[in-house]
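Q: Handing you a structure now.
Protein chains: 2
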Amino acid sequence: MTLAPWRTHLSGALHRNRSLVYSRYFQLATVRQDGTPANRTVVFRGFQEKCDRLQIVTDDRSAKIVQIQHNTHAEACWYFPKTRDQFRLQGTLEIANFESADEELQAARRQVWENLSDNARSGFAWPRSGEVRSPSEAFEVDPPNPKTPLDSFCLLLLDPYCVDFLTLRGNPQNRWIYDRQPDGGWTEREVNP
Amino acid sequence: MTLAPWRTHLSGALHRNRSLVYSRYFQLATVRQDGTPANRTVVFRGFQEKCDRLQIVTDDRSAKIVQIQHNTHAEACWYFPKTRDQFRLQGTLEIANFESADEELQAARRQVWENLSDNARSGFAWPRSGEVRSPSEAFEVDPPNPKTPLDSFCLLLLDPYCVDFLTLRGNPQNRWIYDRQPDGGWTEREVNP
Numbered sequence: 024m025t026l027a028p029w030r031t032h033l034s035g036a037l038h039r040n041r042s043l044v045y046s047r048y049f050q051l052a053t054v055r056q057d058g059t060p061a062n063r064t065v066v067f068r069g070f071q072e073k074c075d076r077l078q079i080v081t082d083d084r085s086a087k088i089v090q091i092q093h094n095t096h097a098e099a100c101w102y103f104p105k106t107r108d109q110f111r112l113q114g115t116l117e118i119a120n121f122e123s124a125d126e127e128l129q130a131a132r133r134q135v136w137e138n139l140s141d142n143a144r145s146g147f148a149w150p151r152s153g154e155v156r157s158p159s160e161a162f163e164v165d166p167p168n169p170k171t172p173l174d175s176f177c178l179l180l181l182d183p184y185c186v187d188f189l190t191l192r193g194n195p196q197n198r199w200i201y202d203r204q205p206d207g208g209w210t211e212r213e214v215n216p
Numbered sequence: 024m025t026l027a028p029w030r031t032h033l034s035g036a037l038h039r040n041r042s043l044v045y046s047r048y049f050q051l052a053t054v055r056q057d058g059t060p061a062n063r064t065v066v067f068r069g070f071q072e073k074c075d076r077l078q079i080v081t082d083d084r085s086a087k088i089v090q091i092q093h094n095t096h097a098e099a100c101w102y103f104p105k106t107r108d109q110f111r112l113q114g115t116l117e118i119a120n121f122e123s124a125d126e127e128l129q130a131a132r133r134q135v136w137e138n139l140s141d142n143a144r145s146g147f148a149w150p151r152s153g154e155v156r157s158p159s160e161a162f163e164v165d166p167p168n169p170k171t172p173l174d175s176f177c178l179l180l181l182d183p184y185c186v187d188f189l190t191l192r193g194n195p196q197n198r199w200i201y202d203r204q205p206d207g208g209w210t211e212r213e214v215n216p
C-alpha cells in the first residue's frame, strides 16, 4: 500500500522531536452525548500495520467510549514543540474491545497490549476512573499477564479523512490541507496560515 | 472576588513550567455545525481581570467563530510537560469583536491587542486563513497601530464551569474535579485517575 502523503511530514516531526517524550502525546476531541465537546491528552501508540490509522489505548469504562458509540467523529490536535509543527487530524474512531470479532483488529489489540509497560497495564485493573476516589489498596493490583489483554482494555483506531498541517517556522507560516478522496487517495492544497 | 479553587493549581503549573514557552499553549475543542469536533492549539493570554475567564485571541474570519456562534461550548485541554499536569476546562466561549457594546469587554480586547507582538498583530491584516495560498506580497503588511485593534481582531473568553485536574506524578496518579455551582462557588471532589 501507499502511505498517505501527510505521513512523511508526521514521521519527520516525530523523528525531529524524539528527544521529548511528550511529543508522542496529542489531544483528542470528541463530542459528548449532550452535544458539548470533550478533549483529553492521549498517547500515540503507532500506526496500525499497513494502513494510516493511528492507535490509541483506552479503558472500556472511560467516558469517551460512550461518546464514540454515539458520535464516531474525532479531531486529534498534535503540537510538536521543538519544530513548531501542528497536525490536526479529523477522522472517525473505531473501538476494538475484547468482543471484537475482526481477527486483524484483535491481533493489533494484543500487540499494543504487549508493548505497554507493566504500570500502564495495571491501570486497566484499577477502579473505574472519574468515580469517588477509592482507598489506596484498590490500586495495589498484580501486574496483568502481558500476553492476554484484560477485558477492560480497548484499542482505539483513528482513521483520518482530513489532515491540516501547519508549521510555525517562517513568516508567514506554512500550511497544507490533505483530503481523502472516495478512491482512498489524497489531495493536497497549500492554504493561508 | 474570590478566585476559583482550581486557579491555585493552574497558577502553580504555569509557574513551574515557565521555562517552556509552549506551556502557555493549550488545545481548544469546539463543535462544527455538522456536529463533528474541531480541535486546535491556541495561546493563553492571561485571565480577564477580576474573574476566572481565560483570554484567547482569534481572527473574526476563522472557522471557529462560526462554530462558536452555533455552539458556545468548548473544552480546553492543557498539558504541562515538565510537571505532568493536565487541566481539562469545560466552559462556554464569549466573543468580543469590534462591535461588542460592553465597555469592559472592549477594554480587555484593547489591552490584549496592545500586549501582542508586532508580528502577531500583523497576522490580523493577512489574507483569510484556510483559503488557497495568496502570493507572498499579500503578507507584507505594515505593522498595525498597537493602540487600535483591527476589526478582524477578536478576544475569546472561556468561562469554565467544570475543571478536571489530573497530575501524573505518583502511582496511582491524582485527580480532582471542580464544578461551578449556581451561586458561583465551586465544589471539589477527589476521583480515581
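Chain order of the listed sequences is A and B.
Just so you know, the first sequence maps onto residues 24 to 216 in the numbering used here.
Just so you know, the second sequence maps onto residues 24 to 216 in the numbering used here.
For glycine and all other residues, C-beta sits at the position ideal for the given N, C-alpha and C.
How big is the Cα-Cα spacing for residue 205 of chain A and residue 90 of chain B?
A: Answer to the nearest angstrom: the Cα atoms are 26 Å apart.
Q: What three-state label does DSSP hand residue 124 of chain A in the structure shown?
A: Note: residue 124 of chain A maps to coil in three-state DSSP.
Q: Where are the beta strand (DSSP E) runs, 3 residues long or more, that stay fully inside the stretch 100-159 of chain A, in chain order?
A: The qualifying runs are 108-119.
Q: Between residue 105 of chain B and residue 194 of chain B, is the Cβ-Cβ spacing less than 9 Å?
A: For residue 105 of chain B and residue 194 of chain B, no; Cβs fall outside 9 Å.
Q: Along the stretch 130-160 of chain B, what residues have a CB closer than 7 Å to any CB found in chain A?
A: Listed by position, the residues of the stretch 130-160 of chain B near chain A (Cβ gap below 7 Å) are 142, 149, 150, 151, 152, 153, 154, 155, 156 and 157.
Q: Residues of chain B with CB closer than 8 Å to the CB of residue 58 of chain A, please, in chain order.
A: What residue 58 of chain A touches in chain B: 54, 58, 94 and 96.
Q: Note down, in chain order, every chain A residue with its Cβ under 9 Å from the Cβ of residue 47 of chain B.
A: In chain order: nothing, as chain A lies at least about 11 Å away.
Q: Give a yes or no on whether 9 Å exceeds the smallest Cβ distance from residue 111 of chain B to chain A.
A: Closer than 9 Å: yes.
Q: Which class does residue 90 of chain A belong to by DSSP, given the choice of helix, strand or coil?
A: Three-state DSSP puts residue 90 of chain A in a helix.
Q: What number of angstroms, rounded off, separates the C-alpha of residue 155 of chain A from the C-alpha of residue 161 of chain A?
A: Those two C-alpha atoms are separated by around 12 Å.
Q: Apart from the five residues just before and just after residue 174 of chain B, which ones in its own chain have a Cβ nearer than 6 Å to its Cβ?
A: These residues qualify, in order along the chain: 121.
Q: Once you ignore the five residues that flank residue 28 of chain B on each side, which residues in its own chain have a CB closer than 8 Å to its CB?
A: Hits under 8 Å: 201, 209 and 211.
Q: Could I get the ranges of all uninterrupted beta strand (DSSP E) runs contained in the stretch 163-190 of chain B, with 3 residues as the minimum, in chain order?
A: With a minimum length of 3 residues, the continuous beta strand (DSSP E) runs that stay inside the stretch 163-190 of chain B are 176-190.
Q: Does the CB of residue 194 of chain B have a neighbour CB from chain A at under 9 Å?
A: Yes, contact with chain A.
Q: Since residue 44 of chain A sits in a beta bridge, which residues does DSSP pair it with?
A: According to DSSP, which records beta bridges pairwise, residue 44 of chain A is partnered with nothing at all.
Q: In angstroms, rounded to a whole number, what distance separates the CA positions of residue 114 of chain A and residue 123 of chain A?
A: Roughly 20 Å separates the two Cα atoms.
Q: Tell me whether residue 161 of chain A sits in a helix, a strand or coil according to DSSP, three-state version.
A: DSSP places residue 161 of chain A in helix when its eight states are reduced to three.
Q: Could you tell me if residue 170 of chain A is buried or exposed, where buried requires 16 or more neighbouring beta carbons within 10 angstroms of its beta carbon?
A: Exposed.
Q: From residue 63 of chain A to residue 52 of chain A, what does the alpha carbon distance come to, in whole angstroms?
A: So the alpha carbons of these two residues sit roughly 7 Å apart.
Q: Return the residue from the list A:180, A:55, A:48 and A:151 that minimises the CA-CA distance to residue 98 of chain B.
A: Per the Cα distances, A:55.
Q: Where residue 180 of chain B and residue 100 of chain B are concerned, what is the direct C-alpha to C-alpha distance, given to the nearest angstrom?
A: Looking at the two C-alpha atoms, the distance is approximately 15 Å.
Q: Ordered along the chain, which non-local residues of its own chain (more than five positions away) have a Cβ less than 6 Å from that of residue 119 of chain B?
A: Answer for residue 119 of chain B: 128, 132 and 178, listed in chain order.
Q: Could you give the first and the last residue of the continuous alpha helix (DSSP H) run that contains residue 30 of chain A?
A: That run of the alpha helix (DSSP H) goes 29-39.
Q: Residue 148 of chain A and residue 167 of chain A - do their beta-carbons sit closer together than 9 Å?
A: Yes; because the gap between Cβ atoms is below 9 Å, this pair is in contact.
Q: Have a look at B:82, B:68 and B:103 and flag the residue whose alpha-carbon is nearest the alpha-carbon of residue 32 of chain B.
A: When each option's Cα is compared against that of residue 32 of chain B, the closest is B:103.
Q: Quick check: what's the CA-CA separation for residue 80 of chain B versus residue 70 of chain B?
A: Cα-Cα distance, rounded: 12 Å.
Q: State the DSSP-derived secondary structure class of residue 60 of chain B, mapped to helix, strand or coil.
A: The answer is strand: DSSP assigns residue 60 of chain B an E or B state.
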